[in-house]
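Here is the structure we will look at, set down as C-alpha cells.
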Amino acid sequence: MSDVAILGAGMHPWGKWGRNFVEYGVHAAREALHDAGVHWNDVQFVAGGETVRNGYPGYVAGSTFAQAMGWNGARLASCYAACASGAAAIDAARARILAGLCDVALVVGADTTPKGFLAPSGGERQMDPDWLRFRLLGATNPTYFGLYARRRMALHGSTEADFAAVKVKNAKHGLNNPNARYRKEVSIEDVLKSPMVADPLRLLQICTTSDGGAALVLTSMEYARKNGAKDPVKVTAVSTVTPRFPKTVVDLPDFATDSAAAVAPPELGFRDSIATAAYEEAGIGPEDLDLAEVYDLSTAIELDWYENIGLCKEGEAEKLLHDGDTTIGGKIPVNPSGGLACFGEAVPAQAIAQVCELSWQLRGTATGRQVDGARVGLTINQGLFGHGSSVICVR
Amino acid sequence: MSATKIPAVEGWFTLDDEPRLIGSRCATCGTYFFPKELSFCRNPSCDGTELTETPLSRTGKVWSYTVNHYAPPPPYVAADPFVPFGVAAVELSEERMMILGQTTGHVAVGDDVELIVDTLYTDDKGEHVVWKWARA
C-alpha cells in the first residue's frame with residue numbers, strides 16, 4: 016500500500032496581515048490538529064515548508080513551528096523547493112509514514128511577504144543566477160509569465176480576453192471561500208482595464224504575494240482506522256520529479272534552456288512529466304479526475320496547465336474554459352478554491368493549501384464552492400530551479 | 076567623448092562590432108552551455124570534463140517576448156523615470172537552445188534577431204553594458 020490518510024486540514028486566511036509568519040503557521044497547524052482530532056503531543060514528525068524572506072526562523076521552518084507549538088520531541092524536516100516547498104514537505108512526511116518510521120506527521124507552511132515583486136536575496140551575488148536575472152535582464156517572475164502568454168497567443172491564437180475569462184471564473188469560485196484574500200467578482204472589462212505589467216498580462220492576470228498559512232495532518236492508514244476514520248481522504252500520489260535533459264523551455268530563473276544539439280529533447284516536456292508521474296503513481300488518468308487545483312501564477316498559465324495535466328489537447332484549453340467545463344458545475348472544475356487569483360501566493364504554504372482544498376472538496380465540506388460528488392482530485396505546481404509538484408487525493 | 080563601456084557581467088559576451096555571447100561546448104558530446112559551464116558536462120549520459128569556451132551564434136529567432144511595464148526591484152538598476160523595456164527568448168538553430176535577453180525596439184514571435192551590446196545603466200563609473208536582441 017502506498018496510501019496515507021489526510022486526517023486534518025487547516026489554514027490561516029490569506030491576506031496582507033503583516034504579522035510574523037510563525038503565527039499563521041501555528042494557527043493553521045492547530046486548526047488541522049483540531050480537524051483531525053489528534054493531539055499535538057501525538058505528532059511524531061513535523062515537516063515545514065521554508066520561507067526565505069523571514070530570516071533564520073524561516074530557514075528552519077520545521078523547528079520554528081515545533082518550538083512555537085511547544086517542544087514535544089518530534090523529529091523534523093525543513094523543505095525548500097520554492098513554490099513547490101509545500102509538496103516537498105508533504106513528500107517527506109508521506110515517505111516517513113510509508114517507511115514505517117512514524118504514524119502521525121504534521122505538515123506546515125506559512126509566509127509573510129513584502130509588497131511588490133518578489134526579489135532575490137540582497138548583496139552583490141554574481142554567482143547566483145536568481146540575482147543575475149534581475150540584474151542583467153530585469154526579469155521579474157511576471158516577465159517569464161509574459162513570455163509564456165505571448166507564446167500561447169502566437170501558437171494558439173489566444174487573446175487577452177481569453178486570459179481574462181480565467182480570472183473572471185476564479186474570482187467567482189473564490190467568492191465564498193473564507194480563506195481567500197480577494198472575494199469580489201470581476202468582469203472581463205475590469206481585467207482589461209487594469210494596468211499592463213508584463214505584456215500581454217495585466218495586473219488582474221498575475222497573482223499577488225500574500226501572507227498565509229496552511230497545514231495538514233497526515234497519518235498511516237492503520238492509525239486512521241484505529242482512530243475511527245473509516246473513509247478518510249487519501250494521498251495516492253506525490254510527484255516531485257525534476258526535468259529531464261535537455262530541458263527546452265526556459266523556466267524561472269534560467270537565462271537559457273539546455274542545448275538539444277547532442278541529445279534529442281525528451282518526449283514529455285517538464286510540466287507534462289510532473290502530471291504523468293503523478294497519474295502513474297496513483298494508477299489513474301485525467302479522465303478520472305473530478306477537480307483540479309492548478310497553480311495560476313497567471314491566467315494564461317492556468318490554460319497551459321489544462322493541457323499539461325491532460326484535460327484537453329494542446330491548443331484546446333480556451334474552448335474548455337469557454338464551454339464552462341472548468342467552472343464549478345462543469346465537467347472538470349479547476350480551482351474551485353478560487354486559486355491564486357483569489358489567494359495570491361504565500362510561497363511555502365501554497366502547495367499545502369492546494370491539498371487542503373482537495374481534502375475539503377473530497378469530504379464534501381467545501382461550503383459555497385463544493386464540486387458535487389468529488390472523489391478524485393489533483394494539484395499541480397512547479398517551483399523554480401526545477402521542482403515538480405503534484406498531489407493526487409482520492410476518497 | 077564616449078564613456079567607458081563596462082560589461083555588466085564578466086566573460087559572458089564580447090564587446091566587438093559584431094558581439095557574441097560566450098558559451099562553452101563539451102568536447103565529448105558536443106552539448107553547448109550558456110552561461111558557460113567549464114567543469115563538468117550537464118548531459119546526464121556524458122562524463123565529459125573537457126569543456127571549452129565558444130562564441131555562440133549571433134542571430135536567432137524569437138520564441139516569445141514580453142514588455143516590462145513596471146520597474147523591476149534591485150539589483151536591477153532602473154532608469155528614473157522608468158521606461159518600459161522588452162525581454163525576448165530567442166532560439167539559436169545551431170546550438171538548439173533558447174537564450175533570454177532584453178530587446179531594443181519591438182520584436183514579435185518568429186522575428187529574426189541579432190545580438191547587440193547596449194546600455195544597461197549608466198553611473199559615475201561609466202556605461203554598464205549588456206547583450207540585447209535587436210531585429211535583424
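Residue numbers (our numbering), protein chains in the order written: chain A, 16 to 410; chain B, 76 to 211.
Built from N, CA and C at the ideal position, the CB exists for glycine as well.
Bear in mind that the values here come from a model prediction, so they are computed numbers and not experimental data.
- Within the segment 17 to 64 of chain A, the complete alpha helix (DSSP H) segments of 4 residues or longer fall at 36 to 51, listed in chain order.
- If you draw a straight line from the Cα of Val409(A) to the Cα of Ile81(B), it comes to about 58 angstroms.
- Bridge pairing for Ile97(B): Pro130(B) [DSSP].
- Considering only beta carbons, the part of the segment 144 to 160 of chain A lying closer than 9 angstroms to chain B consists of Pro144, Trp146, Leu147, Arg148, Phe149, Arg150, Leu151, Leu152, Gly153, Ala154, Thr155, Pro157, Thr158, Tyr159, Phe160, in chain order.
- Secondary structure of Thr291(A) (DSSP, three-state): helix.
- The count of Cβ pairs closer than 8 angstroms, one atom from the segment 273 to 293 of chain A and one from the segment 148 to 166 of chain B, stays below three, leaving the stretches out of contact.
- For the pair Val206(A) and Gln220(A), the CB atoms are nearer than the 9 angstroms cut-off.
- Under DSSP, Arg90(A) shares a beta bridge with Phe60(A).
- Taking Lys136(B) as the centre and dropping the five residues before and after it, the same chain places the C-beta of Val165, Glu166, Ser168, Gly185, Asp186, Asp187, Val188 closer than 8 angstroms to its C-beta, in chain order.
- With 16 or more other Cβ atoms inside 10 Å of its own Cβ, Asn350(A) counts as buried.
- Its chain contains Pro159, Gly161 as the residues whose beta carbon lies nearer than 6 angstroms to that of Val142(B), once the 5 sequence neighbours on both sides are disregarded; these appear in chain order.
- Less than 9 angstroms divides the Cβ of Phe80(A) from the Cβ of Val37(A).
- Residue state for Gln177(B) is assigned as strand, using DSSP reduced to three classes.
- Under a criterion of Cβ atoms nearer than 8 angstroms, no residue of chain B is adjacent to Ser288(A); the nearest Cβ is some 15 angstroms distant.
- When the Cα atoms are used, Ala307(A) and Thr127(A) turn out to be separated by approximately 26 angstroms.
- The Cβ atoms of Gly228(A) and Ala43(A) lie closer than 9 angstroms to each other.
- Annotated as proximal: Ile343(A) and Arg384(A), with beta-carbon spacing under 9 angstroms.
- Neighbours of Leu162(A) in chain B, taken as residues at a C-beta separation under 9 angstroms, are given in chain order as Trp138, Ser139, Tyr140, Thr141, Val162, Ala163, Ala164, Leu175.
- In the three-state DSSP reduction, Pro82(B) falls in the strand class (E or B).
- In the DSSP assignment, the residues bridged to Ile407(A) are Ala252(A), Leu393(A).
- Taking a contact to require three or more Cβ pairs closer than 8 angstroms, the segment 123 to 136 of chain B and the segment 230 to 247 of chain A do not qualify as touching.
- Taking C-alpha positions only, Phe109(B) is separated from Val53(A) by approximately 51 angstroms.
- With its beta carbon less than 9 angstroms from one in chain B, Val278(A) belongs to the interface.
- Counting along the chain, the unbroken alpha helix (DSSP H) around His188(A) starts and ends at 175 to 189.
- For the pair Ala239(A) and Pro280(A), the Cα-to-Cα distance works out to about 44 angstroms.
- When secondary structure is reduced to three states using DSSP, His144(B) falls in the coil class, being assigned neither helix nor strand.
- Within chain A, not a single residue places a beta-carbon under 7 angstroms from that of Val158(B); the smallest gap is close to 11 angstroms.
- For the segment 98 to 121 of chain B, the set of residues with a beta-carbon nearer than 8 angstroms to any beta-carbon of chain A comprises Cys101, Cys104, Gly105, Thr106, Tyr107, Phe108, Phe109, Pro110, Arg117, Asn118, Pro119, Ser120, Cys121, in chain order.
- For Ala108(A) against Ala47(A), the beta-carbon gap comes to about 12 angstroms, at or over 8 angstroms, which does not count as contact.
- Counting C-beta pairs closer than 8 angstroms gives three or more between the segment 318 to 333 of chain A and the segment 286 to 296 of chain A, which meets the contact rule.
- Considering only beta carbons, the part of the segment 169 to 193 of chain B lying closer than 9 angstroms to chain A consists of Glu169, Glu170, Arg171, Met172, Met173, Ile174, Leu175, Gly176, Gln177, Ala183, Val184, Gly185, in chain order.
- Taking a beta-carbon distance threshold of 9 angstroms, Phe132(A) counts as an interface residue toward chain B.
- Taking C-beta separations shorter than 6 angstroms and ignoring five residues to either side along the sequence, the partners of Pro157(A) in its chain run Val212, Ala213, Ile221, following chain order.
- Here the alpha carbons of Gly137(A) and Tyr71(A) stand approximately 15 angstroms from one another.
- For Phe270(A), the chain B residues whose C-beta falls within less than 8 angstroms of its own C-beta are Phe109, Pro110, Ile174, Leu175, listed in chain order.
- Here Gly101(A) is near Gln365(A), since their CB atoms are less than 9 angstroms apart.
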